[in-house]
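**Student:**
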Amino acid sequence: MIRRIYDVLFLFKEYVLLATLVLLSIGMIALNDNVQVRRIRTVATVAFGVVEDRLSFIPTYFGLRSENALLRRINVSLADEASQLREEKLENIRLRQLLGLKQRSSYPLTAAEIVSKNLTLLRNTLTLDAGRLDGIEPLMPVVGDGGLVGLVTDVSDHFSVVNILWNTDFRVSAKIQRSRVDGIVAWDGRTLALRNVAKTRDVVPGDVVLSSEYSSSFPPDIRIGIVSDVQIQEGALFKTVTVMPTVDFVKLEEVFVMDYLPDEERSDLEQEAKQKTGK
Amino acid sequence: MEHYLRSAAIAILLLLVQTTFMPFVALGGILPDLFILWLVYIAVRRGQIEAMLTGFGAGLLQDVVSTKFFGLAVLSKTVSSFAAGYFFNENTAEQTLGSYRYLSIVGLCSLLHNLIYFVIFLQGTEGPWLSSLVILCLSTTLYTVVVSVIPMFAFSQKFSTSWAQ
Numbered sequence: 001m002i003r004r005i006y007d008v009l010f011l012f013k014e015y016v017l018l019a020t021l022v023l024l025s026i027g028m029i030a031l032n033d034n035v036q037v038r039r040i041r042t043v044a045t046v047a048f049g050v051v052e053d054r055l056s057f058i059p060t061y062f063g064l065r066s067e068n069a070l071l072r073r074i075n076v077s078l079a080d081e082a083s084q085l086r087e088e089k090l091e092n093i094r095l096r097q098l099l100g101l102k103q104r105s106s107y108p109l110t111a112a113e114i115v116s117k118n119l120t121l122l123r124n125t126l127t128l129d130a131g132r133l134d135g136i137e138p139l140m141p142v143v144g145d146g147g148l149v150g151l152v153t154d155v156s157d158h159f160s161v162v163n164i165l166w167n168t169d170f171r172v173s174a175k176i177q178r179s180r181v182d183g184i185v186a187w188d189g190r191t192l193a194l195r196n197v198a199k200t201r202d203v204v205p206g207d208v209v210l211s212s213e214y215s216s217s218f219p220p221d222i223r224i225g226i227v228s229d230v231q232i233q234e235g236a237l238f239k240t241v242t243v244m245p246t247v248d249f250v251k252l253e254e255v256f257v258m259d260y261l262p263d264e265e266r267s268d269l270e271q272e273a274k275q276k277t278g279k
Numbered sequence: 280m281e282h283y284l285r286s287a288a289i290a291i292l293l294l295l296v297q298t299t300f301m302p303f304v305a306l307g308g309i310l311p312d313l314f315i316l317w318l319v320y321i322a323v324r325r326g327q328i329e330a331m332l333t334g335f336g337a338g339l340l341q342d343v344v345s346t347k348f349f350g351l352a353v354l355s356k357t358v359s360s361f362a363a364g365y366f367f368n369e370n371t372a373e374q375t376l377g378s379y380r381y382l383s384i385v386g387l388c389s390l391l392h393n394l395i396y397f398v399i400f401l402q403g404t405e406g407p408w409l410s411s412l413v414i415l416c417l418s419t420t421l422y423t424v425v426v427s428v429i430p431m432f433a434f435s436q437k438f439s440t441s442w443a444q
């Protein structure tokens, strides 16, 4: 390779020497700082600029591939960032709503995030990232920005399990806000219903269902849901009142645990009375 | 070594003559370039490479002394020497030097030299640039060709004597 280069150089030695000497002399000329050299520099700069402008598409073309790769990476990173920002915006809205709820509540609230959900079983539950060390105890009510979520059943140091409305074991004494009609809200595995509402009672779709004063587990006036359907079956004593919960369990991510426990004296007395009547 | 020393001595001598005596024979500020005469002689007799190296050295010497525009004479003399080197022919060198062909080669090289020199030298000057260039180039070339008649006759005499022998 070197031999070949040498052979070529030797073949064109006159031109190689000319080029070398011309470059040297141009270098010497460039060392001057007189009117002529300045003028030549100006002309050369302008000419070079014109040529560079005309040929600028060449590096642009070859640079397109790397530019595309870079833009793709930036695009992915920006899309990820945009997604995160959207997520944070929604979280902000939810937390503001929860903050409003916290301010309205007359009971101290402990915020918790849902770390696990079961929504497809008969006994559906949520797992929260707050536990005994956060002041959570069994039988504390759990609410979200829409209303009632459920009841704490089990607690560890850092986590707690909540029976939600969509749990066949869950019961809450409720009332219709408008007509003050009482009943029991329960879930049969398919629909949430307000039970024990007599046929003659005034309940219509659109009525708001709240927790009632008769509930020992929940404070009164916690929103539970909206009556979506009222059916009267032939020969039945009660109406079939279907309730749509105001909490969207699918989208639910943050909740509050109310610092509220059933009155022990009342609970003991009711328990004793039950035992006596054998119910 | 002797050859290079001789070349250096000739260059210094020519420089002395060019800078000291030539201004006395200037016509309207135009001087003949004695270095061109010598460089053409080197090119015709010894070839392109030696002519280029000699031209580079001569131009360097001239620029160092003149201190006007360092590197300009180097460039112009190197290129004109290269051009003169195309007329190198070992067999016909003497006939070329002793005939009108020497005058035409000197004219060509002088024109090329002056073109390069004055195109750069006249940059940034006020006034009609093109006409100044033409006048300076042609007049200097013409004067140099006229002066080259002297060495041509000298070569003609020298080589015809040697042929006769």
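Those sequence lines, one after another, are chains A and B. All residue numbers for the first sequence refer to this note's numbering, where the first residue is 1 and numbers rise by one. All residue numbers for the second sequence refer to this note's numbering, where the first residue is 280 and numbers rise by one. Glycine included, C-beta positions come from ideal geometry on N, C-alpha and C.
Are there 16 or more other CB atoms within 10 angstroms of the CB of Arg223 of chain A, so buried, or fewer, so exposed?
**Tutor:** Within the first sequence, the letter at position 223 stands for residue 223 of chain A. Classification for Arg223 of chain A: buried.
**Student:** Taking 9 Å as the cut-off, decide whether the C-beta atoms of Gly364 of chain B and Ile328 of chain B are in contact.
**Tutor:** Looking up residue 364 of chain B in the second sequence gives position 85. Looking up residue 328 of chain B in the second sequence gives position 49. For Gly364 of chain B and Ile328 of chain B, yes; Cβs fall inside 9 Å.
**Student:** Cα separation between Trp171 of chain A and Ser77 of chain A?
**Tutor:** Reading the first sequence from its first residue, position 171 is the one you call residue 171 of chain A. Reading the first sequence from its first residue, position 77 is the one you call residue 77 of chain A. According to the sequence shown, residue 171 of chain A is Arg rather than Trp. Rounded to the nearest angstrom, the two C-alpha atoms are 48 Å apart.
**Student:** Does Thr42 of chain A come out as helix, strand or coil in the three-state DSSP assignment?
**Tutor:** As a first step, residue 42 of chain A must be located in the first sequence, where it is residue number 42. Thr42 of chain A: helix per DSSP, three-state reduction.
**Student:** For Ala47 of chain A, would you say it is in contact with chain B, using Cβ-to-Cβ distances shorter than 9 Å as the test?
**Tutor:** Locating residue 47 of chain A in the first sequence gives position 47, counting from the first residue. It does not; no Cβ of chain B falls within 9 Å.
**Student:** Is Asp342 of chain B near Thr419 of chain B, with beta carbons less than 9 Å apart?
**Tutor:** Reading the second sequence from its first residue, position 63 is the one you call residue 342 of chain B. Reading the second sequence from its first residue, position 140 is the one you call residue 419 of chain B. Contact: no.
**Student:** Quick check on the burial criterion: 16 or more other C-beta atoms within 10 angstroms. Buried or exposed for Leu11 of chain A?
**Tutor:** Taking the first residue of the first sequence as 1, we reach residue 11 of chain A at position 11. Flag for Leu11 of chain A reads exposed.
**Student:** For Val323 of chain B, which residues of its own chain have a beta-carbon under 8 Å away from its beta-carbon, when the five flanking residues on both sides are left out?
**Tutor:** Here the question's residue 323 of chain B lines up with position 44 in the second sequence. Excluding sequence neighbours, Val323 of chain B sits near Ala363, Phe366, Phe367, Asn368, Ala372, Thr375, Leu376, Tyr381 and Ile384.
**Student:** Report the residues of the stretch 355 to 372 of chain B with a CB closer than 8 Å to any CB of chain A, ordered along the chain.
**Tutor:** Thr357, Val358, Phe361 and Gly364
**Student:** Between Phe238 of chain A and Arg195 of chain A, how many whole angstroms is the CB-CB distance? I'm expecting something under 8 Å.
**Tutor:** Stepping through the first sequence from its first residue, residue 238 of chain A is reached at position 238. Stepping through the first sequence from its first residue, residue 195 of chain A is reached at position 195. Right, their Cβ atoms sit about 7 Å apart.
**Student:** Decide if Asp169 of chain A is buried, meaning its Cβ has at least 16 other Cβ atoms within 10 Å, or exposed.
**Tutor:** On the first sequence, residue 169 of chain A is found 169 positions in, with the first residue counted as 1. With fewer than 16 Cβ atoms within 10 Å of its Cβ, Asp169 of chain A is classed as exposed.
**Student:** Against Ser66 of chain A, what residues of chain B qualify as contacts under a CB-to-CB distance less than 8 Å, listed in chain order?
**Tutor:** Locating residue 66 of chain A in the first sequence gives position 66, counting from the first residue. By Cβ distance, chain B contributes nothing, its closest Cβ being about 41 Å from Ser66 of chain A, past 8 Å.
**Student:** Measuring straight from C-alpha to C-alpha, what distance separates Ile414 of chain B and Gly49 of chain A?
**Tutor:** If you number the second sequence from 1, residue 414 of chain B lands on position 135. If you number the first sequence from 1, residue 49 of chain A lands on position 49. Within the model, the alpha-carbon separation for Ile414 of chain B versus Gly49 of chain A is close to 32 Å.
**Student:** Can you find a CB in chain A that lies within less than 9 Å of the CB of Val399 of chain B?
**Tutor:** Locating residue 399 of chain B in the second sequence gives position 120, counting from the first residue. For the record, residue 399 of chain B in the displayed sequence is Ile; it is not Val. By this cut-off, Ile399 of chain B is an interface position.
**Student:** I'd like to know if Asn32 of chain A contacts chain B, where contact means its C-beta is closer than 9 Å to some C-beta of that chain.
**Tutor:** Stepping through the first sequence from its first residue, residue 32 of chain A is reached at position 32. Judged by the 9 Å Cβ criterion, Asn32 of chain A is in contact with chain B.
**Student:** Closest to Val426 of chain B by C-alpha separation, out of B:Gly386, B:Leu394 and B:Ser411, would be which residue?
**Tutor:** Residue numbering aside, residue 426 of chain B sits at position 147 when the second sequence is read from its first letter. For Val426 of chain B, the nearest C-alpha among the options comes from B:Gly386.
**Student:** Within 9 Å of any Cβ in chain A, is that where the Cβ of Gly338 of chain B sits?
**Tutor:** Reading the second sequence from its first residue, position 59 is the one you call residue 338 of chain B. So, interface residue.
**Student:** Going by DSSP in three states, Glu137 of chain A sits in which element: helix, strand or coil?
**Tutor:** As a first step, residue 137 of chain A must be located in the first sequence, where it is residue number 137. Coil.
**Student:** Using a Cβ-Cβ cut-off of less than 9 Å, give me the residues of the stretch 7 to 28 of chain A that come near chain B, in sequence order.
**Tutor:** Lys13, Glu14, Tyr15, Leu17, Leu18, Leu21, Val22, Leu24, Ser25, Ile26, Gly27 and Met28
**Student:** Taking the CB atoms as reference points, tell me whether Gly146 of chain A and Asp248 of chain A lie closer together than 9 Å.
**Tutor:** Your numbering for residue 146 of chain A matches position 146 in the first sequence. Your numbering for residue 248 of chain A matches position 248 in the first sequence. Yes, these two residues count as a Cβ contact at 9 Å.
**Student:** Mind pulling the chain A residues with CB within less than 8 Å of Ile328 of chain B?
**Tutor:** The sequence position of residue 328 of chain B within the second sequence is 49, counting from 1. By Cβ distance, chain A contributes Lys13, Glu14 and Leu17.
**Student:** Please classify Asp188 of chain A as buried or exposed, where buried requires at least 16 neighbouring CB atoms within 10 angstroms.
**Tutor:** The residue given as residue 188 of chain A occupies position 188 in the first sequence. Exposed, by the Cβ-count rule.
**Student:** Ignore the nearest five residues each way along the sequence and tell me which others in Ser286 of chain B's own chain have a CB closer than 7 Å to its CB.
**Tutor:** As a position in the second sequence, residue 286 of chain B is number 7, starting the count at 1. For Ser286 of chain B, where only same-chain residues beyond five positions count, the Cβ hits under 7 Å are Thr333.
**Student:** Could you tell me the boundaries of the alpha helix (DSSP H) in which Ser360 of chain B lies?
**Tutor:** For the purposes of this step, residue 360 of chain B is taken as the residue at position 81 of the second sequence. Its alpha helix (DSSP H) spans residues Leu351 to Ala363.
**Student:** Using 8 Å as the Cβ pair cut-off and three pairs as the minimum, do the stretch 207 to 227 of chain A and the stretch 240 to 254 of chain A touch?
**Tutor:** yes
**Student:** Checking contacts by CB at 9 Å: is Phe349 of chain B closer than that to chain D?
**Tutor:** Within the model displayed, chain D is absent; protein chains A and B are what it includes.
**Student:** Within this structure, are the beta carbons of Leu391 of chain B and Leu401 of chain B separated by less than 9 Å?
**Tutor:** Taking the first residue of the second sequence as position 1, residue 391 of chain B is located at position 112. Taking the first residue of the second sequence as position 1, residue 401 of chain B is located at position 122. It is not a contact, given that the beta carbons lie outside the stated cut-off.
**Student:** Find the nearest neighbour of Gly326 of chain B within the set B:Trp408, B:Leu421, B:Tyr379 and B:Asn370, judged by alpha-carbon distance.
**Tutor:** Mapped onto the second sequence, residue 326 of chain B falls at position 47. If we check each option's Cα against that of Gly326 of chain B, B:Asn370 comes out closest.
**Student:** Of all the options A:Arg41, A:Gln275, A:Glu254 and A:Val143, which has the alpha carbon lying nearest to the alpha carbon of Pro108 of chain A?
**Tutor:** If you number the first sequence from 1, residue 108 of chain A lands on position 108. Nearest in C-alpha terms to Pro108 of chain A, of all of A:Arg41, A:Gln275, A:Glu254 and A:Val143, is A:Val143.
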